[in-house]
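Shown next, in structure tokens, is the structure this report addresses.
Chains as they are written, first to last, in the working numbering: chain Y, 1 to 519; chain A, 520 to 825.
What follows is the structure, given as structure tokens:
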């Protein structure tokens with residue numbers, strides 16, 4: 001009898017232990033992400049790279065947030081619960097009360113002033129990138145009281161809400177940075193977002209845990225890890241081997257390695273990024289506008305999308321993205337076409353005598369960039385151009401471009417507005433202008449650009465942008481090749497979609513943005 | 520003897536200095552780390568400020584002078600990318616690399632020596648030929664191919680072993696085996712040839728003639744004498760292990776020194792790369808110096824000739 005009781009007791013204990021263990025397992029909800037590239041710092045104002053945006057989004061809040069899928073942009077309350085323009089150059093924002101940061105301190109107006117203003121004075125070179133790309137029109141941040149700030153701009157700015165909802169406008173803890181210094185706070189930052197930093201090894205792994213006192217909706221995961229796995233084959237293997245749950249950057253020719261294994265799926269789309277070739281307007285050969293136009297007309301974009309991207313990239317008809325939403329996106333615009341006949345005529349008009357045209361390309365820097373170079377070289381040969389392919393290290397702002405005729409570049413849409421791609425790449429302060437690769441000589445270019453950037457009337461901005469694109473097309477200073485296709489692979493139980501209102505490559509893992517049925 | 524050691528020490532120091540100069544100049548010839556930090560949107564003012572901050576606006580000899588002066592004070596510099604002392608970065612990564620290398624070395628010895636012994640004893644037989652065929656393949660196929668094949672089989676298809684990181688003991692298996700395979704091959708080949716040499720020696724013949732049992736001949740007379748030169752070879756193979764770890768750590772995302780070094784090349788992180796190269800050069804030079812010194816102790820001819 002006692003033996004039976006003992007046996008029963010033992011079995012019951014075992015069952016309880018097993019149940020407890022399985023419950024504990026089910027309760028720890030972790031998302032393990034394998035990323036192609038990582039970051040060296042988590043300083044929210046410094047890190048302007050694509051992968052940086054993904055990490056910072058989970059850690060830091062902005063004053064104004066965005067509906068991730070609305071076009072045109074729809075703004076939502078973030079750390080600010082309301083905001084209004086009090087003068088044409090001053091926005092007043094009321095801050096949310098009782099926002100607890102990751103170190104337990106309460107966020108206030110001083111944190112906002114500190115975070116944004118450290119970018120504005122131009123003294124610390126690490127913030128030059130964010131300033132040039134987003135914040136150059138911000139003048140100062142004034143603290144009115146503990147929960148009220150005023151953001152002053154140099155000029156009236158139609159994009160102020162857009163800029164303040166970019167992740168680089170995230171708010172970090174002033175006291176924390178002042179206490180441990182900027183370098184160290186970049187490694188162990190304090191924000192107010194739904195996840196806080198548990199551990200960070202630069203360029204290697206970032207571990208986040210749920211911020212239990214987050215002001216908003218409870219985030220879906222207890223823990224998220226972002227591990228750098230640079231090789232695409234290694235990333236896919238880690239996924240199908242269930243070492244990670246989600247991976248980034250799966251090129252179309254590798255998708256089969258995921259789809260042929262049960263239990264996984266792909267989520268992909270042509271991203272709002274242009275892969276382009278810049279035609280150096282300062283080089284004696286490519287300075288000829290008719291020649292540049294001929295080069296443009298000889299490119300068959302549809303063939304490139306079909307051949308390189310398996311039909312899944314996108315061949316645009318103009319330098320614009322549907323992510324702007326109408327009216328700024330203009331579906332009727334059609335500048336880009338493939339017309340070899342006209343290309344030949346223009347070559348004749350340009351007096352082209354078979355001078356060698358060199359395409360500089362950066363091996364492995366842009367996905368399929370090598371293939372594109374070879375394919376376009378062939379298209380150009382067919383219209384009678386003497387083409388040479390030249391491999392090079394990636395050269396941008398710091399290089400000598402005097403001998404470069406044509407070089408690749410990419411134009412991502414940093415925020416869903418025409419200026420999200422134009423002002424961030426083709427403005428007067430851009431390196432392509434400083435280096436003379438892009439020399440907009442048309443007298444109407446500068447005033448039209450001004451209007452497209454700063455007019456407070458949306459229709460006026462749209463018309464100016466339309467004109468700007470016509471002028472750019474006439475000058476033909478660059479060739480838009482295509483929008484690349486980007487795919488993410490994940491466990492089939494994950495429900496996530498690409499956020500079209502955020503900058504490309506951004507991963508959104510807050511409440512309501514992803515679900516993962518328990519494993 | 521002291522003069523000999525002083526001469527060798529001077530030569531070792533000169534080697535390290537030459538390596539340092541070559542590395543210093545070569546990495547600066549590839550461009551500026553600032554273009555990696557801010558590839559496209561560093562304004563000219565920002566670029567000037569950053570260059571001043573990191574001393575990159577000075578001439579090359581000036582930069583080198585500052586670097587050597589700092590080295591003399593024991594200051595190896597701060598990573599341009601991570602903004603942490605390079606010594607701390609390397610200290611963090613030393614353990615995983617050493618663990619992996621040690622494991623590979625153990626596997627190499629435990630498998631390589633018996634393989635070489637079998638190949639020597641069964642010379643000409645199928646088993647020996649097979650053993651040597653495996654050894655040659657292991658030696659001929661580069662690390663990264665072995666790594667990819669192992670990952671493909673054990674991680675992608677069979678889902679038996681993890682392929683990325685160093686989180687659990689299972690994570691050690693694939694990278695350690697990858698690193699060990701060429702070592703097994705090297706040890707087996709060397710063991711085989713020295714065994715064959717020793718087996719033809721007079722004292723072995725004598726042992727057999729006086730009726731010593733064959734297992735005792737092999738273990739006591741042949742293997743013991745064959746192992747001595749192998750120890751020298753192992754010293755060099757350890758250097759090879761560090762070499763191989765550069766690739767293996769990259770393929771398996773192993774958080775070790777190799778990853779730091781390769782990463783510092785692509786990111787042009789001058790201080791990190793320089794320290795890595797010096798440390799590596801010093802390790803190899805130290806091993807060679809030690810071997811030279813031991814030779815001199817063991818063999819007076821070396822002293823006299825030098």
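Backbone N, C-alpha and C define an ideal beta-carbon position, used for all residues, glycine too. Note that the structure is a prediction, hence the values are computed from the model and not measured.
Self-check item: Classification of residue 167 of chain Y by the beta-carbon crowding that lies within 10 angstroms, buried from 16 upward
Solution: The sequence position of residue 167 of chain Y within the first chain is 167, counting from 1. Its Cβ being crowded by 16 or more others within 10 Å, residue 167 of chain Y is buried.
Practice problem: Would you mind telling me which residues of chain A sit closer than 7 Å to residue 202 of chain Y, beta carbon to beta carbon, in chain order? | Solution: As a working note, residue 202 of chain Y is residue 202 in the first chain. Within chain A, the residues near residue 202 of chain Y are 601.
Exercise. Identify, in the order they occur along the chain, each residue of the same chain with its Cβ nearer than 6 Å to the Cβ of residue 368 of chain Y, setting aside the five sequence neighbours on each side.
Key: If you number the first chain from 1, residue 368 of chain Y lands on position 368. Closer than 6 Å at the Cβ level, and outside the excluded window around residue 368 of chain Y, lie 308.
Quiz item: When you compare only the Cα positions, how much space is there between residue 24 of chain Y and residue 692 of chain A?
Solution: Residue mapping note: residue 24 of chain Y aligns to position 24 of the first chain, counting from 1. Residue mapping note: residue 692 of chain A aligns to position 173 of the second chain, counting from 1. The predicted model places residue 24 of chain Y with a pLDDT of 43, which falls under 50 and marks its position as unreliable, so this point remains unresolved.
Practice problem: State the beta-bridge partners of residue 411 of chain Y as determined by DSSP. | Solution: Position 411 of the first chain, counted from the start, is the residue given in the question as residue 411 of chain Y. According to DSSP, residue 411 of chain Y bridges with Y:274.
Exercise. Check distances from the C-beta atoms of the stretch 382 to 394 of chain Y to those of chain A and list, in chain order, the residues that come in under 9 Å.
Key: 393 and 394
Quiz item: Exposed or buried, residue 521 of chain A, counting other C-beta atoms within 10 Å across all chains shown (16 or more means buried)?
Solution: By one-based count along the second chain, residue 521 of chain A stands at place 2. Counting Cβ neighbours within 10 Å, residue 521 of chain A comes out exposed, since fewer than 16 surround it.
Exercise. Determine the extent of the alpha helix (DSSP H) in which residue 606 of chain A is found, giving its start and end residues.
Key: One-based indexing of the second chain puts residue 606 of chain A at position 87. Residues 605 to 640.
Quiz item: Do you know offhand how far residue 343 of chain Y's Cα is from residue 375 of chain Y's?
Solution: Here residue 343 of chain Y is taken as the residue at index 343 of the first chain, counted from 1. Here residue 375 of chain Y is taken as the residue at index 375 of the first chain, counted from 1. Rounded to whole angstroms, residue 343 of chain Y to residue 375 of chain Y spans 17 Å at the Cα level.
Practice problem: Could you tell me whether the Cβ atoms of residue 366 of chain Y and residue 480 of chain Y are closer together than 9 Å? | Solution: Start at 1 with the first residue of the first chain, and residue 366 of chain Y comes out as number 366. Start at 1 with the first residue of the first chain, and residue 480 of chain Y comes out as number 480. Contact flag unset, no.
Quiz item: Taking any Cβ of chain Y, which residues in the stretch 571 to 601 of chain A have a Cβ under 8 Å from it, in chain order?
Solution: 572, 600 and 601
Self-check item: Contiguous beta strand (DSSP E) assignments of at least 3 residues, all confined to the stretch 116 to 183 of chain Y
Solution: 138 to 145 and 148 to 153
Quiz prompt | Presumed contact (8 Å Cβ cut-off) between residue 61 of chain Y and residue 192 of chain Y, rounded CB distance | solution = Within the first chain, numbered from 1, the residue matching residue 61 of chain Y stands at position 61. Within the first chain, numbered from 1, the residue matching residue 192 of chain Y stands at position 192. That belief holds up - the Cβ atoms of residue 61 of chain Y and residue 192 of chain Y are roughly 5 Å apart, short of 8 Å.
Quiz item: For a contact meaning CB atoms closer than 7 Å, what does residue 687 of chain A contact in chain Y?
Solution: What you label residue 687 of chain A is simply residue 168 of the second chain in a count that begins at 1. Ordered by position in chain Y, no residue passes the 7 Å Cβ test against residue 687 of chain A, which lies about 10 Å from the chain.
Self-check item: Residue-level contact to chain Y via CB, residue 768 of chain A, 9 Å cutoff
Solution: Translated into positions along the second chain, residue 768 of chain A becomes position 249. Taking Cβ atoms only, chain Y never reaches closer than 9 Å to residue 768 of chain A, which makes this a no.
Exercise. Could you check how far apart the C-beta atoms of residue 362 of chain Y and residue 410 of chain Y are, in whole angstroms? I think they sit under 8 Å.
Key: Walking along the first chain from the start, residue 362 of chain Y turns up at place 362. Walking along the first chain from the start, residue 410 of chain Y turns up at place 410. Contact doesn't hold; Cβ gap of about 11 Å is too wide.
Practice problem: For chain A, find out if any of its Cβ atoms is closer than 9 Å to the Cβ of residue 242 of chain Y; answer yes or no. | Solution: Position 242 of the first chain, counted from the start, is the residue given in the question as residue 242 of chain Y. Residue 242 of chain Y counts as touching chain A.
Exercise. Would you check if the distance between the CB atom of residue 244 of chain Y and the CB atom of residue 224 of chain Y is smaller than 9 Å?
Key: For the purposes of this step, residue 244 of chain Y is taken as residue 244 along the first chain, with counting starting at 1. For the purposes of this step, residue 224 of chain Y is taken as residue 224 along the first chain, with counting starting at 1. Contact flag unset, no.
Practice problem: Starting from the C-beta of residue 496 of chain Y, find all residues in its chain whose C-beta is less than 6 Å away, skip the five residues before and the five after it, and write them out in chain order. | Solution: If you number the first chain from 1, residue 496 of chain Y lands on position 496. Within the same chain, residue 496 of chain Y has close Cβ partners 514.
Self-check item: Rounded C-alpha distance that separates residue 402 of chain Y from residue 301 of chain Y
Solution: Position 402 of the first chain, counted from the start, is the residue given in the question as residue 402 of chain Y. Position 301 of the first chain, counted from the start, is the residue given in the question as residue 301 of chain Y. Each residue's Cα considered, the two are about 28 Å apart.
Quiz prompt | alpha helix (DSSP H) segments (min. 4 residues) lying fully within the stretch 758 to 813 of chain A | solution = 776 to 785
Quiz item: Is the Cβ-Cβ distance between residue 412 of chain Y and residue 50 of chain Y less than 9 Å?
Solution: Position 412 of the first chain, counted from the start, is the residue given in the question as residue 412 of chain Y. Position 50 of the first chain, counted from the start, is the residue given in the question as residue 50 of chain Y. Cβ distance < 9 Å, so residue 412 of chain Y and residue 50 of chain Y count as in contact.
Practice problem: Return the chain-ordered list of same chain residues with a C-beta closer than 6 Å to the C-beta of residue 505 of chain A, the five sequence neighbours on each side being excluded. | Solution: Absent from the structure is residue 505 of chain A, since the part of chain A shown begins at 520 and ends at 825.
Quiz item: According to DSSP, is residue 48 of chain Y helix, strand or coil?
Solution: Counting from one through the first chain, the residue named residue 48 of chain Y turns up at place 48. Coil at residue 48 of chain Y, not helix or strand.
Quiz item: With burial defined as no fewer than 16 other Cβ atoms inside 10 Å of the residue's Cβ, what is the status of residue 154 of chain Y: buried or exposed?
Solution: As a first step, residue 154 of chain Y is located in the first chain; it is residue number 154 there, counting from the start. Exposed: under 16 other Cβ atoms inside 10 Å.
Quiz item: Does DSSP put residue 106 of chain Y in a helix, a strand or coil?
Solution: Translated into positions along the first chain, residue 106 of chain Y becomes position 106. In this structure, residue 106 of chain Y counts as strand in the three-state DSSP scheme.
Quiz item: What do you reckon, are the CB atoms on residue 419 of chain Y and residue 359 of chain Y nearer than 9 Å?
Solution: Residue numbering aside, residue 419 of chain Y sits at position 419 when the first chain is read from its first letter. Residue numbering aside, residue 359 of chain Y sits at position 359 when the first chain is read from its first letter. Going by C-beta atoms, residue 419 of chain Y is not nearer than 9 Å to residue 359 of chain Y.
Practice problem: Would you kindly check if the distance between the Cβ of residue 794 of chain A and the Cβ of residue 599 of chain A is under 9 Å? | Solution: Within the second chain, numbered from 1, the residue matching residue 599 of chain A stands at position 80. Within the second chain, numbered from 1, the residue matching residue 794 of chain A stands at position 275. Cβ distance not < 9 Å, so residue 599 of chain A and residue 794 of chain A don't count as in contact.
Quiz item: Going by alpha carbons, who is nearest to residue 501 of chain Y out of Y:56, Y:35, Y:38 and Y:73?
Solution: Translated into the one-based positions of the first chain, residue 501 of chain Y becomes position 501. Comparing Cα positions, the closest option is Y:73.
Quiz item: Got a sec: which bits of the stretch 216 to 245 of chain Y sit with their beta carbon under 9 Å from any beta carbon on chain A, in order along the chain?
Solution: 227, 228, 229, 230, 231, 233, 234, 235, 236, 237, 238, 240, 241, 242, 243 and 244
Quiz item: Which one of A:582, A:657 and A:697 has the shortest CA to CA distance from residue 670 of chain A?
Solution: Position 151 of the second chain, counted from the start, is the residue given in the question as residue 670 of chain A. It is A:697.
Quiz item: By how many angstroms is the C-alpha of residue 510 of chain Y removed from the C-alpha of residue 21 of chain Y?
Solution: Locating residue 21 of chain Y in the first chain gives position 21, where the first residue counts as 1. Locating residue 510 of chain Y in the first chain gives position 510, where the first residue counts as 1. Reliability of the predicted coordinates at residue 21 of chain Y is poor, the pLDDT of 47 falling under 50, and no value is obtained from them.
Quiz item: Would you report the Cα separation of residue 17 of chain Y and residue 316 of chain Y, rounded to the nearest angstrom?
Solution: In the first chain, counting from the first residue as 1, residue 17 of chain Y sits at position 17. In the first chain, counting from the first residue as 1, residue 316 of chain Y sits at position 316. With a pLDDT of only 48 at residue 17 of chain Y, under 50, the local geometry of the prediction cannot be trusted, and the value read off the model is given with reservation. Going by the C-alpha atoms only, they are around 60 Å apart.
Exercise. Output the boundary residues of the beta strand (DSSP E) element that contains residue 491 of chain Y.
Key: For the purposes of this step, residue 491 of chain Y is taken as the residue at position 491 of the first chain. Segment 485 to 491, the beta strand (DSSP E) holding residue 491 of chain Y.
Exercise. Output yes if chain A places a C-beta closer than 9 Å to the C-beta of residue 433 of chain Y; else output no.
Key: One-based indexing of the first chain puts residue 433 of chain Y at position 433. With 9 Å as the cut-off, residue 433 of chain Y does not count as an interface residue toward chain A.
Practice problem: Starting from the beta carbon of residue 670 of chain A, find every residue of chain Y whose beta carbon is closer than 8 Å, and list them in chain order. | Solution: Walking along the second chain from the start, residue 670 of chain A turns up at place 151. The answer, in chain order, is 233, 234 and 237.
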